[in-house]
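K.L.:
One structure follows; several queries about it will come next.
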Amino acid sequence: MIRVFLPSQLDDYTDSVRELELDMRAEAGQSLVLADVIAELERRYKGLAFRIVDEHGNIRRHIAMFVGETMVRTLDVPVTENSRVQIVGALSGG
Amino acid sequence: MVRHLILVGTRKGAWIVEGDANRSNWKIKGPMHLGAVISHYVADPRTVGYQLMSVGSGHLGPSVYISKDHGESWTEAAKPPAFAPVGESARTVDHVFWLTPGHASEPHVWYAGTSPQGLFKSLDGGNTWEEVTGFNHHPDCFTWRGGDKDGTPDGPKLHSIIVDHTDKTHLLVGMSGGGIFESFDEGATWKPLNKGVAMDFYPPREDGSEYEFGHDPHCMVMHPVHSNRLYHQNHCGLYALDRDQGDRWTRIGDNMPKDVGDVGFPIVVHPRDPNTAWTFPMDGSGQWPRTAPGGKAAVFRTRDGGKSFERLNKGFPQKQAWWTVKRQCMAVDAEPSVGVYLGTTNGQLWGSFDEGATWQGIAMDLPQIYSVEVVTIK
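Sequences listed follow chains G and X, in order. So in numbering that gives the first Met the number 0, spot 3 of the first sequence is number 2, and the numbers just go up one at a time. So in numbering that gives the first Met the number 0, spot 134 of the second sequence is number 133, and the numbers just go up one at a time.
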């Protein structure tokens, strides 16, 4: 299971769900990437993807995403069926 | 039963301030979208109860929300404004800065202006948005507006989208980095409208000619009845334009008191009299503090199309008032004695019910105010 952790900023989209497990498996000969996780989140929570990824597929400036302990800035990062993905509202604003 | 609704967008959410038929007993309702940046909150004059709101978030990017019940409930746009890639350019909408209802004959049309500067149109009441490609992808657009990192400190804005009520194909826009442009074919082609407007932040041209574009208009209005009369408050002065006399702006700010100057953000016009307008000047000297000149808050009104101005400060603090009024933050109603409303950078909503002669605080403890609109429900 891919475990996904979501920030409070997305509560309106997720009905305040902050953690979920996604049963995702790669197609034969393919590998999963972070974009697949975002697509699955969008399928479950319509409108969520555009809130964290802009119109060109870039992670929004004040959103941080981690795969495991590694912060990533692109969606082509590989994930495994047991990855931990955390999406964070970055420290910003005031 | 007549009600007056003041729609207030702030840096931290939106509120409705509702008054009775006498424009008294104001009650504050909200917040809506607490914590989000509300750049513009607009009621649709064509459909009672229909409202659009620009909702932004430092984290989650730009969006537009729709209400069909006077702000009681909200639905997010299915497809908010977003740029398509053009060549190697991949612009990203940072925030939706401006919302304008379309022509009365097209009740579902809306326009939006963004930062970085882009123009968008919706044909379905704000639910889905497409680029106005004749503007955003115009071959000269980059020349007009400069780069997306040029311009005003918190991002160049496309604002003051005007749909001529006498001609739905006639559109005007202001760009805080680029100037005023207009179209006579519903956005397919555009030309600048900046003659007579100063551009003090550029060196004078050696041949003495004017710059066609590159100006910094802050706010532009067209009179709702006499569409030939336009006013605009610019970074470099206050201007009026009578289209039946040509296309050259007149710097009416030259008639403002010299110790106040003619720099500011907002300007609003009387709903019936094209010669009456109100502005709120700010200090554009020295370090450009952009506060009330001398810390003495005052609205200035012209009754003669800008030939002269009156200082209207009764009710406002006349010392240590270091706030200003942003470009979306003045509004008027259409009552026989016109109500004038303004929201300040320190979160105060003020109103005058005698056309600016006297002022009173309506709500004094809101966050920094980004937009004020007023709608009268009858």
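Note that the Cβ used here is the ideal one computed from N, Cα and C, for glycine as well.
With a threshold of 8 Å, are at least 3 pairs of Cβ atoms found where one atom belongs to the stretch 57 to 65 of chain G and the other to the stretch 43 to 61 of chain X?
P.N.:
These segments touch.
K.L.:
State buried or exposed for Gln327/X, treating a residue as buried only when at least 16 other CB atoms are found within 10 Å of its CB.
P.N.:
Buried is the call here.
K.L.:
Rounded to whole angstroms, what's the CA-CA distance from Leu9/G to Arg17/G? Just pull it up for me.
P.N.:
In a straight line, the C-alpha of Leu9/G is about 8 Å away from that of Arg17/G.
K.L.:
Could you give the DSSP three-state label for Phe141/X: helix, strand or coil?
P.N.:
Three-state result, Phe141/X: helix.
K.L.:
Which residues of chain X have a Cβ atom closer than 7 Å to the Cβ of His88/G, listed in chain order?
P.N.:
Contrary to the premise, residue 88/G reads as Gly rather than His in this sequence. In chain order: His58.
K.L.:
Met281/X and Gly263/X - do their beta-carbons sit closer together than 7 Å?
P.N.:
Going by C-beta atoms, Gly263/X is nearer than 7 Å to Met281/X.
K.L.:
The stretch 61 to 89 of chain X: which residues have C-beta closer than 8 Å to a C-beta of chain G, in chain order?
P.N.:
Per Cβ criterion, the list reads Ser62, Glu75, Ala77, Pro79, Ala81, Phe82, Ala83, Pro84, Ala89.
K.L.:
Compare the C-beta of Gly56/G with all C-beta atoms of chain X and state if any pair is closer than 7 Å.
P.N.:
Answer no: the Cβ-Cβ gap between Gly56/G and chain X never drops below 7 Å.
K.L.:
Out of Asp163/X, Ser121/X, Ala81/X, point me to the one whose CA is closest to Asp53/G's CA.
P.N.:
Of Asp163/X, Ser121/X, Ala81/X, the residue nearest in Cα terms is Ala81/X.
K.L.:
Between which two residues does the alpha helix (DSSP H) harbouring Asn135/X extend?
P.N.:
Residues 132 to 135.
K.L.:
How would you label Gln319/X, buried or exposed, when you count the other beta carbons within 10 angstroms and need 16 or more for buried?
P.N.:
It counts as exposed.
K.L.:
Are the C-beta atoms of Thr127/X and some chain G residue less than 7 Å apart?
P.N.:
It does not; no Cβ of chain G falls within 7 Å.
K.L.:
What are the uninterrupted segments assigned as alpha helix (DSSP H) that are 4 or more residues long and contained completely in the stretch 93 to 132 of chain X, given in chain order?
P.N.:
DSSP runs (the alpha helix (DSSP H)) wholly in the stretch 93 to 132 of chain X: none.
K.L.:
When Cβ atoms are compared, which residues of the stretch 40 to 51 of chain G fall closer than 8 Å to chain X?
P.N.:
Answer set for the stretch 40 to 51 of chain G: Gly46, Phe49, Arg50, Ile51.
K.L.:
Closer than 8 Å, Cβ to any Cβ of chain X: which residues of the stretch 0 to 19 of chain G, in chain order?
P.N.:
Answer in chain order: Pro6, Gln8, Leu9.
K.L.:
Going by DSSP, name the residue or residues bridged to Gly293/X.
P.N.:
DSSP lists no partner for Gly293/X.
K.L.:
Could you give the distance in angstroms between the alpha-carbon of Leu170/X and the alpha-carbon of Glu20/G?
P.N.:
About 50 Å.
K.L.:
Mind listing which residues of the stretch 319 to 336 of chain X have their C-beta closer than 9 Å to chain G's C-betas, in chain order?
P.N.:
Of all residues in the stretch 319 to 336 of chain X, none has a Cβ within less than 9 Å of some Cβ in chain G.
K.L.:
Could you please tell me which residues of the stretch 91 to 124 of chain X, in chain order, have their CB closer than 9 Å to any CB of chain G?
P.N.:
Listed by position along the chain: Thr91, Val92, Asp93.
K.L.:
What residues of chain X sit near Arg59/G, judged by a beta carbon separation below 8 Å?
P.N.:
Near Arg59/G (Cβ distances below 8 Å), the residues of chain X are His58, Leu59, Gly60.
K.L.:
Among Gly34/X, Pro155/X, Glu185/X, which residue has its Cα nearest to the Cα of Thr168/X?
P.N.:
Measuring from the Cα of Thr168/X, the nearest candidate turns out to be Glu185/X.
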